[in-house]
Amino acid sequence: MWRASKSWSRALFVLTRTLHRTSLSRSTALRERDKLESHVRGQSGKPCRLSEETDERDSLFLICYYILVHRYYKLLLLCKVHRERRGRVTIPIPNTKSNMLFRSLLIVLASVAKTAQGFSSIAPPVPSFPGLGDAFKIVKEPSMDCSAIVVEATMFARYEYLSSSLTTTAALRLPPTSGNGGIRLLNYKNAQQAIEDAVRLAKGMTRKHDMFRTGFSGAKVVVNSDDLDKVERKELMQNLASALKTFEGGMYTGCDLNTCDTDMDYLVEATDEKYVLAGRNSKVDTNVATASSVIGSILGTVEAMQGSQDLSDLTFTVQGCGKVGSTVAKELVRFGAKNVQTCDLYAEAAQIDGCTYVENWAESKCDFLVPCANSLAITEEVAVNFHEDIKYCVGATNSPFASQEARDIFDKRGVMHIPESISSAGAILADSVEVRLVKCSLRSHVVHHSIMVFFFVKQWYDIDLYQNVEPSKMYGWIRDISRQKAAALASHADQVPEQVTPNLHNVVPTRDGSPVGKDFTSWIEEHSSSTETLIIGGGLAGTATAFSLSEKGIKTCLVEQGSSVAPSTASSNGDSRMYRKMYSSEFFSKMQSKALDRWADVEKASGEKLLQENGLLFYGEDTGETVEGSVLGAREVMKSLNLPHTFYATGDEIADAYPALQSCRGKPYMAVCEDTAGHIRASKACQAMTFAAGEKCDVRTGTKIVSLDIKDQNGKVTAVTENGETITADNAVISGGAWTNSILESAGLPKLNLKIWQVQWAHYEVDPEVAASIPQAFHFRKENDIDGGLYYVFPASASESVQADGKSFVKVGVDFPTGDALNEMVEFDYSGSEDVFKLMDGWVQEHIPSVGKRIDSYCHPYTMTEDSYFVMDMVSGNVALFSGGSGRAFKFGPLIGDCMSSLLTGTSPPVDLSPFSANRDSVRLFLEGSRPGETAVVA
Numbered sequence: 038m039w040r041a042s043k044s045w046s047r048a049l050f051v052l053t054r055t056l057h058r059t060s061l062s063r064s065t066a067l068r069e070r071d072k073l074e075s076h077v078r079g080q081s082g083k084p085c086r087l088s089e090e091t092d093e094r095d096s097l098f099l100i101c102y103y104i105l106v107h108r109y110y111k112l113l114l115l116c117k118v119h120r121e122r123r124g125r126v127t128i129p130i131p132n133t134k135s136n137m138l139f140r141s142l143l144i145v146l147a148s149v150a151k152t153a154q155g156f157s158s159i160a161p162p163v164p165s166f167p168g169l170g171d172a173f174k175i176v177k178e179p180s181m182d183c184s185a186i187v188v189e190a191t192m193f194a195r196y197e198y199l200s201s202s203l204t205t206t207a208a209l210r211l212p213p214t215s216g217n218g219g220i221r222l223l224n225y226k227n228a229q230q231a232i233e234d235a236v237r238l239a240k241g242m243t244r245k246h247d248m249f250r251t252g253f254s255g256a257k258v259v260v261n262s263d264d265l266d267k268v269e270r271k272e273l274m275q276n277l278a279s280a281l282k283t284f285e286g287g288m289y290t291g292c293d294l295n296t297c298d299t300d301m302d303y304l305v306e307a308t309d310e311k312y313v314l315a316g317r318n319s320k321v322d323t324n325v326a327t328a329s330s331v332i333g334s335i336l337g338t339v340e341a342m343q344g345s346q347d348l349s350d351l352t353f354t355v356q357g358c359g360k361v362g363s364t365v366a367k368e369l370v371r372f373g374a375k376n377v378q379t380c381d382l383y384a385e386a387a388q389i390d391g392c393t394y395v396e397n398w399a400e401s402k403c404d405f406l407v408p409c410a411n412s413l414a415i416t417e418e419v420a421v422n423f424h425e426d427i428k429y430c431v432g433a434t435n436s437p438f439a440s441q442e443a444r445d446i447f448d449k450r451g452v453m454h455i456p457e458s459i460s461s462a463g464a465i466l467a468d469s470v471e472v473r474l475v476k477c478s479l480r481s482h483v484v485h486h487s488i489m490v491f492f493f494v495k496q497w498y499d500i501d502l503y504q505n506v507e508p509s510k511m512y513g514w515i516r517d518i519s520r521q522k523a524a525a526l527a528s529h530a531d532q533v534p535e536q537v538t539p540n541l542h543n544v545v546p547t548r549d550g551s552p553v554g555k556d557f558t559s560w561i562e563e564h565s566s567s568t569e570t571l572i573i574g575g576g577l578a579g580t581a582t583a584f585s586l587s588e589k590g591i592k593t594c595l596v597e598q599g600s601s602v603a604p605s606t607a608s609s610n611g612d613s614r615m616y617r618k619m620y621s622s623e624f625f626s627k628m629q630s631k632a633l634d635r636w637a638d639v640e641k642a643s644g645e646k647l648l649q650e651n652g653l654l655f656y657g658e659d660t661g662e663t664v665e666g667s668v669l670g671a672r673e674v675m676k677s678l679n680l681p682h683t684f685y686a687t688g689d690e691i692a693d694a695y696p697a698l699q700s701c702r703g704k705p706y707m708a709v710c711e712d713t714a715g716h717i718r719a720s721k722a723c724q725a726m727t728f729a730a731g732e733k734c735d736v737r738t739g740t741k742i743v744s745l746d747i748k749d750q751n752g753k754v755t756a757v758t759e760n761g762e763t764i765t766a767d768n769a770v771i772s773g774g775a776w777t778n779s780i781l782e783s784a785g786l787p788k789l790n791l792k793i794w795q796v797q798w799a800h801y802e803v804d805p806e807v808a809a810s811i812p813q814a815f816h817f818r819k820e821n822d823i824d825g826g827l828y829y830v831f832p833a834s835a836s837e838s839v840q841a842d843g844k845s846f847v848k849v850g851v852d853f854p855t856g857d858a859l860n861e862m863v864e865f866d867y868s869g870s871e872d873v874f875k876l877m878d879g880w881v882q883e884h885i886p887s888v889g890k891r892i893d894s895y896c897h898p899y900t901m902t903e904d905s906y907f908v909m910d911m912v913s914g915n916v917a918l919f920s921g922g923s924g925r926a927f928k929f930g931p932l933i934g935d936c937m938s939s940l941l942t943g944t945s946p947p948v949d950l951s952p953f954s955a956n957r958d959s960v961r962l963f964l965e966g967s968r969p970g971e972t973a974v975v976a
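Taking the numbering used here, the leading residue of the sequence shown gets 38, the next gets one more, and so forth.
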């Protein structure tokens, strides 16, 4: 339809299908038509007639409009141009052998205008569409109530009809532009219901596009099918492609309910790679994009209503856990929501980590309802009976309210609702980056007013950016602008729900100006930063490296995905870690001596007391060497290095020296004690090292790296965070603990042979007078089935975070894994094994029976190497790595930082680093598909 010739008229593209009612007189319009004819003739050198009449032999070409600036409105005049000897364009009708079962295809371009009260429909005059040929006929004309033109085509055989509902966008301040909206495949009761749904959805799409000035008008494709499972998708898309070609840029489409990427592949092929915006050939997921606008709107609403974006005290109910809803639920948890309830028709879909399943969303108790399911679910009955705690309603659902009356009930109850034109706009915002309108113009004059004829041609805005951008940048941008828009609307409404609709016009931008997608590159620049060294991971190694580099005057940016350095999900978290020289290896014993000097430097620089000397007892059976050494091995090293220690040859001697360990009496035990050993305040130590680094270290918690480019064209490292921020650095440190291999993979570096242990511990109640007699001790006994035989206890002074009047607490844990060692953290179970906790309970009853009940339980990840030596090496020209702490690294903290610092600066390390090489056999992995002997060598 309206296919232009090869002349300049191709550029003068279809701007609208409507002649708007204006204050412009007919005589003035005709005079301007004549002027425009002359102007076109002068520009092209070819005759051109703009006529009100239609020659039936010709196809009409709708190519241009002129715009008169009348105070705040731009008025449009339809000009019809036709060309001689041009055949009509028709849509092919499927043959009788088709197996596709669909009753109707509705294509709707919505008409919505902005008014002083917000949005309202307008009804333009009916345009002529002779270019559709005999395939269609108009069966419904627009009215003030419904600005939709329904065009119907008779179908053969099993098709009842193919219909297209067309409504021209007529927002008064922009010439109409191409429509944009997805393809919805549903089984409607009848054709009228399908038409009404298509029109309603298309109007909603227009509101979204207008809300953010995407450069599009609203549109929707609705396919009515008797049996969704039997639809021949490829043939359906081929027929839809014919319609899209007929509109020639009048509509761009993508996925919606019950359509998928495979459908879009068919459609792209059938349209010659035109008119489809579905995130194809891009890593951007439009479902996640939509979820991002929901999250942004939630954050903006809470910010405007409560003064902060803190979600921790709110209870959320996510209704519908499909692709969008499940992502919203996960993101709420990531952004700090402690109470997220999920509900779905399919209960298994609502089983989401960190969330609680509820059977009936309408009866749930919550502060925040997040509708992400089918439209019209909030009926008047639901609105009246919803729990009294409800304060907010923001979600992804288009038209969540079944009626205006239902919406009014929520308003009167004080429920702040941000409309879906903001909260569900993520996909169309992504589309606004994928494609843009290029505006060109011709000038003319009318009376005393300057006239400009505008025409729009769809062109790729920055297809390389869209296809290659790290998705988190797109999601971060969408989340940010949605947050700003939602907060602005709530503020304009003075936090009064009933004032939201009257104030919509305050947040709708003028249609003059560039589409919002053009701002994406600026947002990326605004959310980019640079530093000398990027440190990924805020545990022991990361914070120690930041401290060491700060002493050399080197600036760092430390990013940690948890809510703090040494977060509760990582192995560096907790009140206490042992420090000792009592090793079965002289190498590690000597390292501890150097590390203690550096711990003193940290304490001095931070002003924090971090180490407490309370002695350490190794006792138990002759087990041979374990991951923690052995009693006899430790004794030999202490003797060899002439370090002070006490040896106990029998269980009776141990019981005599330590009254709390009377269970040792009569057993074939031996023990060695290092009086100068003690414990380190683990979490406090990590915080102290970043504090001591001062302004040299930019700490960013709650920040996950999702992309790491170590081959930047400028020789730098570029990282992208989950929130869309870009960080550029001269070099980088990977200190991600149990997440090391996923970070390596994101950087395109070989993975290492690292295993993840699930290691459990707990606190036990004890009377204060008894607690004073319990030493810091490590017990060695032989393995037995799931019992790995290694147990430890910390004194009450090492459990400062657990407090209760009149009680003390000791920490007891095991040093063996629960179950098999893991390869990835996605398999990790923070709840641990109750069988292992029972083993701990039994050990406590046997060895320190004066201790009371267990009050809590924990399970943390330990990253292990086969030889129990760390990995501390350069893994590329500008990336250093620490991993494989193997449960023994914390005590060496600041010294590890010095080692990492020396790797980056090329200075001499404080210890020999060759035992920690990333290229040693025990940590290198075989390359996928390689022959034995071909390993992943780290450069």
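Even for Gly, the Cβ is constructed at its ideal location relative to N, Cα and C.
| query | result |
| --- | --- |
| ASN956 - DSSP class collapsed to helix/strand/coil | coil |
| Element boundaries [alpha helix (DSSP H), containing ASP298] | 298–307 |
| Integer-rounded CB distance, given that PHE927 should sit under 8 angstroms from SER609 | 7 angstroms |
| Residues near TYR695 by beta carbon distance below 6 angstroms, same chain, minus five either side | PRO812 |
| Rounded Cβ spacing between PRO534 and ASP404 (contact assumed at less than 8 angstroms) | Not really, about 14 angstroms apart at Cβ, beyond 8 angstroms. |
| Opening and closing residue of the beta strand (DSSP E) in which GLU569 lies | 565–573 |
| Residues that ILE771 bridges to, as DSSP identifies them | ILE573 and LEU918 |
| Rounded C-alpha distance that separates ASN324 from SER868 | 31 angstroms |
| Paired residues, beta bridge with TRP798 - DSSP | GLY850 and TYR895 |
| Identity of the residue in SER838, ASP857, SER954 and GLY774 nearest ARG925 by Cα | GLY774 |
| C-beta contact flag for ALA799 and ARG718 at 8 angstroms | no |
| Between the CA atoms of LEU827 and TYR616 - distance to the nearest angstrom | 17 angstroms |
| Close-in-space but distant-in-sequence residues of the same chain around ALA530 (CB under 7 angstroms, 5 per side omitted) | GLN536, VAL537 and ASN540 |
| Neighbourhood of GLY825 by C-beta, 8 angstroms cutoff - its chain only, sequence neighbours within 5 removed | VAL851, ASP852, PHE853 and PRO854 |
| Among VAL849, ASP866 and LYS848, the one whose alpha carbon lies nearest that of GLY856 | ASP866 |
| Inter-residue spacing [alpha-carbon to alpha-carbon] between ILE465 and LYS245 | 8 angstroms |
| At least three beta-carbon pairs within less than 8 angstroms, the stretch 568–587 to the stretch 541–553 | no |
| C-beta contact flag for LEU941 and ASP735 at 8 angstroms | no |
| Length of the line joining the Cα atoms of LEU413 and VAL419 | 11 angstroms |
| N- and C-terminal bounds of the beta strand (DSSP E) containing GLU597 | 593–597 |
| Residue environment, LYS495, which counts as buried when at least 16 other CB atoms sit within 10 Å | Residue confidence for LYS495 is low, a pLDDT of 41 falling below 50, so the modelled location carries little weight and cannot support an answer. |
| Close-in-space but distant-in-sequence residues of the same chain around GLY79 (CB under 7 angstroms, 5 per side omitted) | Unreliable placement is indicated for GLY79, whose pLDDT of 49 sits below 50; no coordinate value is reported for it. |
| Residue interval of the beta strand (DSSP E) (run including ILE742) | 742–746 |
| Simplified DSSP state of GLU690, which is helix, strand or coil | helix |
| Beta-carbon proximity list for SER565, same chain, < 6 angstroms, skipping 5 on both sides | THR763 |
| Cβ contact check for the stretch 634–654 and the stretch 702–722: 3 or more pairs under 8 angstroms | yes |
| Distance, ALA955 Cα to PHE919 Cα | 9 angstroms |
| Counted within 10 angstroms of its Cβ, other Cβ atoms place ILE823 as buried (16 or more) or exposed | exposed |
| Inter-residue Cα distance where the pair is SER363 and GLY373 | 16 angstroms |
| Where MET615 sits in the DSSP three-state scheme | strand |
| VAL960 burial status per 10 Å Cβ neighbour count (16 or more: buried) | buried |
| Buried versus exposed call for GLU310 [16 or more other C-beta atoms within 10 Å across all chains shown] | exposed |
| Cβ-Cβ distance between TYR620 and GLY666 below 8 angstroms | yes |
| CA-to-CA distance, GLN441 to ALA153, given in whole angstroms | Per-residue confidence for ALA153 stands at a pLDDT of 32, beneath the threshold of 50, marking its modelled position as unreliable; the derived number appears in the next sentence. So the two alpha carbons sit approximately 19 angstroms from each other. |
| Collapsed DSSP secondary structure at GLN649 in the structure displayed | strand |
| Exposed unless 16 or more other CB atoms sit within 10 angstroms - verdict on GLN797 | buried |
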